[in-house]
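Student: I'd like to ask you about the structure that follows.
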Amino acid sequence: MATKNLVIVESPAKAKTIEKYLGRNYHVVASLGHIRDLPKSQMGIDFDHDYQPKYISIRGKGDVIKQLKSAAKKADHVYLAADPDREGEAIAWHVSHILGLDPAANNRVVFNEITKNAVKDAFKEPRSIDMNLVDAQQARRVLDRIVGYSISPILWAKVKKGLSAGRVQSVALKLVIDREKEIKAFIPEEYWSLAAEFQKGRGKKFAGNFYGLNGKKEALPDNAAVQAVLKKIDKQQPFAITKVTKKERKRFPAAPFTTSSLQQEANRRLNFKTRKTMMIAQQLYEGINLGKDGTVGLITYMRTDSTRISSVAKHEAATFLHESKELGEPYAATKLHKTKNPEGAQDAHEAIRPSAVVRTPESLKEILSRDQFRLYQLIWSRFLASQMTPAIYDTVAVELEQNGVNYRANGSQMKFAGFTKIYHSSNDDQKENQLPELAVGDEVKLTKTDPQQHFTQPPARYSEASLVKALEENGVGRPSTYAPTIDTIQKRYYVKLTGKSFEPTELGEIVDELIEKFFPDIVNIDFTAKLEDELDGIEAGKGEWVKVVDQYYQPFAKELDQAEQKIEKVQIKDEPAGFDCDICGAPMVVKMGRFGKFYACSRFPDCRNTKAIVKEIGVVCPKCQKGQVLERKSKKNRIFYGCSRYPDCDFVSWDKPVGRNCPVCRHYLVDKKVKGGHQVLCPNGDYEEQLQK
Numbered sequence: 146m147a148t149k150n151l152v153i154v155e156s157p158a159k160a161k162t163i164e165k166y167l168g169r170n171y172h173v174v175a176s177l178g179h180i181r182d183l184p185k186s187q188m189g190i191d192f193d194h195d196y197q198p199k200y201i202s203i204r205g206k207g208d209v210i211k212q213l214k215s216a217a218k219k220a221d222h223v224y225l226a227a228d229p230d231r232e233g234e235a236i237a238w239h240v241s242h243i244l245g246l247d248p249a250a251n252n253r254v255v256f257n258e259i260t261k262n263a264v265k266d267a268f269k270e271p272r273s274i275d276m277n278l279v280d281a282q283q284a285r286r287v288l289d290r291i292v293g294y295s296i297s298p299i300l301w302a303k304v305k306k307g308l309s310a311g312r313v314q315s316v317a318l319k320l321v322i323d324r325e326k327e328i329k330a331f332i333p334e335e336y337w338s339l340a341a342e343f344q345k346g347r348g349k350k351f352a353g354n355f356y357g358l359n360g361k362k363e364a365l366p367d368n369a370a371v372q373a374v375l376k377k378i379d380k381q382q383p384f385a386i387t388k389v390t391k392k393e394r395k396r397f398p399a400a401p402f403t404t405s406s407l408q409q410e411a412n413r414r415l416n417f418k419t420r421k422t423m424m425i426a427q428q429l430y431e432g433i434n435l436g437k438d439g440t441v442g443l444i445t446y447m448r449t450d451s452t453r454i455s456s457v458a459k460h461e462a463a464t465f466l467h468e469s470k471e472l473g474e475p476y477a478a479t480k481l482h483k484t485k486n487p488e489g490a491q492d493a494h495e496a497i498r499p500s501a502v503v504r505t506p507e508s509l510k511e512i513l514s515r516d517q518f519r520l521y522q523l524i525w526s527r528f529l530a531s532q533m534t535p536a537i538y539d540t541v542a543v544e545l546e547q548n549g550v551n552y553r554a555n556g557s558q559m560k561f562a563g564f565t566k567i568y569h570s571s572n573d574d575q576k577e578n579q580l581p582e583l584a585v586g587d588e589v590k591l592t593k594t595d596p597q598q599h600f601t602q603p604p605a606r607y608s609e610a611s612l613v614k615a616l617e618e619n620g621v622g623r624p625s626t627y628a629p630t631i632d633t634i635q636k637r638y639y640v641k642l643t644g645k646s647f648e649p650t651e652l653g654e655i656v657d658e659l660i661e662k663f664f665p666d667i668v669n670i671d672f673t674a675k676l677e678d679e680l681d682g683i684e685a686g687k688g689e690w691v692k693v694v695d696q697y698y699q700p701f702a703k704e705l706d707q708a709e710q711k712i713e714k715v716q717i718k719d720e721p722a723g724f725d726c727d728i729c730g731a732p733m734v735v736k737m738g739r740f741g742k743f744y745a746c747s748r749f750p751d752c753r754n755t756k757a758i759v760k761e762i763g764v765v766c767p768k769c770q771k772g773q774v775l776e777r778k779s780k781k782n783r784i785f786y787g788c789s790r791y792p793d794c795d796f797v798s799w800d801k802p803v804g805r806n807c808p809v810c811r812h813y814l815v816d817k818k819v820k821g822g823h824q825v826l827c828p829n830g831d832y833e834e835q836l837q838k
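Under the numbering used here, the first residue of the sequence shown is numbered 146, with each subsequent residue one higher.
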């Protein structure tokens, strides 16, 4: 029997959700992403004919293509419902080519959220494939292929096999390395602070900070300057209040999430890597089985650079706030705080928000996985907060003086919680400093001075969150590229995570130096950002993709010729390991591998003996009592602890054993990282020691 309507989406999860909404006259199948792409074995670009890409069916997708063709033959009408972005448009275009569909026919369907109303409304207004979007994606794909397949072989020949270079990843690597250079070149400068504690009568003590002398702000560069100030202060005399300024301060909520701000906040707040954030957001977007309500998409499309919210969503949020018993009318904003989209934003989709604000995180807690719940709660609360009234604080600023020495004290107290009732940003400073009631002419007693020596600090290394922010601020890449870019520079071992911060490796520094010397445009942030703008121009119908590729390729081709002639073989010398191979007796050396450094025999490939580089922690294995506990790293670079006698002893622990047993149950104790520091405790929960900050 013929199917009246065939709908093709990317993922099976999305297919199930949409088929339920559309009913029995529709059959929904998944293409499982792209079905055509450039060949992996060759460049696949025809340079003699306007850079035309030579697309082929992706290896392993033969069965999928057969199924799509078979289903299309039986259908009266085929709809293409891939994601609403450049990549989705390109997938729809490739599918239409494989199936022999007319790309100008009205068979393209897009929706920003996978809910019943949104899906049904989209099918009322199908459109033709937007070739501007396809051309923008095609230009990016062609350029990335040209750069990657041109530079990577040079790196393989001159440095080592398995390396790669790319437009966005090279800039990301340069940002990390430039920051490391800043840190190494940084010269700390000494400065001092001179805090003090004051008391009015027998009231509560409050803190103040040194401001200056005789009403002018003064720095305290060294201890001599501090001592000069202290000599002026008479501890037996009170300080006089010379000025009191009281104000009401409003703090407005942040805008709803874009892809970039979601990745940053999830990294800071939930410790999610960018890839994990996008994977879970995809699950929430494509649909979660809610039991009696069936499968429902819980959030809007998660690849967006806009903070715009639809009028329908604003109305739903206002209704929810007015009807909420915990919140109510005082918390619903009557006039929303205006927020600007990031510079260069395409504004193609709404901000990331819940598809229905009435689905509170708590109502879904038993249904969602822990990580799904945490991310949904973050998205839901950020969106609702953006539609709420500001938090209001009473602030007071006080100036104090004695013998020409000026201090200042600031206090604040929350008057109305506003949006902070449901959402606090990871950057919020929620401390309140309450001052006693003070008036000009009052006298307060100095109870304590606290001189402190400080040194200026170098800029911090990039975390995933701050690297995403830097890429966005510099206009490099787009929301969909941040996660794979950061993933790639780690997989190639150009950077490594030390704690939560990126540190360049020796290999990364070698690759960056070569690219910067011979391909300066690739790592030129302004040049790369300009290219992103031109890709956006193609999408908007204001440019031709072939011309954009050509103006980028012509200077690059000249650089490529120079590089092939001038780059000399880079010798990455092996470090002596300090011991001999236990198989052949030759010296062992330290080599660089995909997951970091390891020990290998210097006679490789004649002798293939290798050993992991491990670190003893000085604790005897609590299981076999024979081996030593070693600090190791998993393939995902996570530290764990295991016995040196593995595989004879299979002891393993994510937490560091401390070499003592629990006084209650005799289980070995571990040093566990907890909020605010670390703590020695028993994994069975029978014993814990004082928290160490």
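The beta carbon of each residue, even a glycine, is placed where N, CA and C say it ideally should be.
(1) What does the alpha-carbon distance come out to for the pair D367 and K376?
(2) Keeping to the same chain, check which residues put their C-beta closer than 7 angstroms to that of P581; ignore five residues upstream and five downstream.
(3) Within its chain, find whatever has a CB closer than 8 angstroms to the CB of K510; leave out the 5 residues flanking it on each side and keep chain order.
(4) Compute the Euclidean distance between the alpha carbons of P184 and K771, then round it to the nearest angstrom.
(5) Leaving out five residues on either side along the sequence, give the residues of the same chain with a beta carbon under 6 angstroms from the beta carbon of K90.
(6) Leaving out five residues before and five after K149 in sequence, what residues of the same chain have Cβ atoms less than 6 angstroms from its Cβ?
(7) Just list the beta strand (DSSP E) runs in the region 752-799, keeping only unbroken ones of 3 residues or longer that don't cross its boundaries, in chain order.
(8) Give me the Cα-Cα distance between H239 and G245, rounded to the nearest whole angstrom.
(9) If we require 4 or more residues per run, which alpha helix (DSSP H) segments fall completely within the region 486-567?
(10) If we ignore side chains and look at the alpha-carbon of each, how far apart do A685 and D280 end up?
(11) For Y336, name the three-state secondary structure that DSSP assigns.
(12) With distances taken from CA atoms, which of Y200, N262, G644, P535 is nearest Q187?
(13) My understanding is that I444 touches P499, with C-beta atoms under 8 angstroms, so please give their C-beta distance in whole angstroms.
(14) Taking 8 angstroms as the cut-off, does the region 636-653 touch the region 602-615 (at least 3 CB pairs, one atom from each stretch)?
(15) Hey, would you say S156 sits closer than 8 angstroms to I180, going by beta carbons?
(16) Count the other CB atoms within 10 Å of the CB of S514; is the residue buried (16 or more) or exposed (fewer)?
(17) Determine the closest residue to E661 out of G178, S315, L308, with distance taken between C-alpha atoms.
(18) Buried or exposed, going by whether 16 or more other CB atoms sit within 10 Å of the CB of W799?
(19) Return the CA-CA distance between P198 and V694, expressed in angstroms with no decimal places.
(20) Bridge partners of N806, per DSSP?
(21) Between G489 and A340, what straight-line distance do the alpha-carbon atoms span, to the nearest angstrom?
(22) Taking all protein chains shown into account, do 16 or more other C-beta atoms lie within 10 angstroms of the C-beta of D492, making it buried, or fewer, making it exposed?
(23) Closer than 8 angstroms is the cut-off here; do at least three beta carbon pairs connect the region 285-299 with the region 245-256?
(24) Taking DSSP's pairing of strands, which residues face N354 in a bridge?
(25) Threshold first: 4 residues or longer. Then list the alpha helix (DSSP H) segments lying entirely within the region 356-396, N to C.
(26) Going straight from the alpha carbon of Q710 to that of I667, what length do you get?
(27) Just the Cα atoms here: how many angstroms apart are V457 and H194?
(28) I need the boundaries of the beta strand (DSSP E) containing P596, first residue and last residue.
(29) Could you name each continuous alpha helix (DSSP H) segment of 4 residues or more that falls completely within the region 630-682, going from the start of the chain to the end?
(30) Which residues does DSSP pair with N150 in a beta bridge?
(31) In terms of residue numbering, what span does the beta strand (DSSP E) encompassing H823 cover?
(32) Quick check on the burial criterion: 16 or more other C-beta atoms within 10 angstroms. Buried or exposed for F724?
(33) What residue range does the beta strand (DSSP E) around P721 cover?
(34) Give the secondary structure of V132 by DSSP, where H, G and I count as helix, E and B as strand, and everything else as coil.
(35) With a threshold of 6 angstroms on Cβ separation, who are the neighbours of P333 within its own chain once the five nearest residues in sequence on each side are excluded?
(36) Note the first and the last residue of the continuous alpha helix (DSSP H) segment covering S456.
Tutor: Per the coordinate set shown:
(1) Answer to the nearest angstrom: the Cα atoms are 15 angstroms apart.
(2) K345, G348, K349, F351
(3) F518
(4) 54 angstroms
(5) No information on residue 90 is available, as it lies outside the stretch 146 to 838 that the chain covers here.
(6) N170, D221
(7) 755-757, 760-765, 773-778, 784-788
(8) H239 and G245: Cα-Cα distance of roughly 10 angstroms.
(9) 506-509, 515-531
(10) Rounded to the nearest whole angstrom, the CA to CA distance from A685 to D280 is 10 angstroms.
(11) strand
(12) Y200
(13) 6 angstroms
(14) yes
(15) no
(16) Counting the other Cβ atoms within 10 Å of the Cβ of S514 gives fewer than 16, which makes it exposed.
(17) S315
(18) W799 comes out exposed.
(19) Pairing P198 with V694, the inter-Cα distance amounts to about 12 angstroms.
(20) Y813
(21) Confidence in G489 is poor, its pLDDT being 48 and thus under 50, which makes the residue's placement unreliable; the coordinate value appears in the next sentence. Straight-line Cα distance between these residues: approximately 44 angstroms.
(22) Model confidence at D492 stands at a pLDDT of 46, short of 50, so the residue's coordinates are unreliable; what they give is reported in the following sentence. Exposed, by the Cβ-count rule.
(23) no
(24) A340, R553
(25) Qualifying alpha helix (DSSP H) stretches, in chain order: 368-377.
(26) Each residue's Cα considered, the two are about 19 angstroms apart.
(27) 48 angstroms
(28) 588-600
(29) The alpha helix (DSSP H) runs of length 4 or more contained entirely in the region 630-682 are, from start to end of the chain, 651-663.
(30) Y171, H222
(31) 822-826
(32) exposed
(33) From DSSP, the beta strand (DSSP E) with P721 extends over 720-725.
(34) No statement about residue 132 is possible, as the shown extent of the chain runs from 146 to 838 and does not include it.
(35) F600, T601
(36) 456-468
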